[in-house]
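Each residue of the sequence shown is one higher than the one before, starting from 879 at the first, in the numbering used here. Ideal Cβ positions, reconstructed from N, Cα and C, are used throughout, including at glycine.
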Amino acid sequence: MLKFSELDSKFHIVEKRGLCPVCGSNMTQTDRLKEGNNVFIWYKCINDECGGQRLQKQSAR
Ligand SMILES: [Zn+2]
């Protein structure tokens, strides 16, 4: 099971959807995980050569 405290140190967790932190391209949702009252949504850069990803945290409400 994933520990989100470890994810915090690996990925930049943001409250709002944004652009790729690496190249600035748009991102596409790839996965979502529910943890307690939060939903973590993974985004992947649409640029295959970039490989950038980010994790968005939302309230589950
Ligand atoms: Zn990118």
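Check                                                                                                                                        : Outcome
Just mark Q934 as buried or exposed, buried being the case when its beta carbon has 16 or more other beta carbons within 10 Å.               : buried
Beta-carbon within less than 6 Å of L911's beta-carbon, same chain only, minus the 5 sequence neighbours each way: which residues are those? : F918
Determine whether the Cβ of Q931 lies closer than 7 Å to any Cβ atom of chain B.                                                             : As a matter of chain content, chain B is missing from the structure shown, which is built from one protein chain.
Let me make sure I understand the geometry here. Which of G914, G929 and S937 has the alpha-carbon closest to that of Y921?                  : G929
Once DSSP output is grouped into helix, strand and coil, what is the label at S903?                                                          : coil
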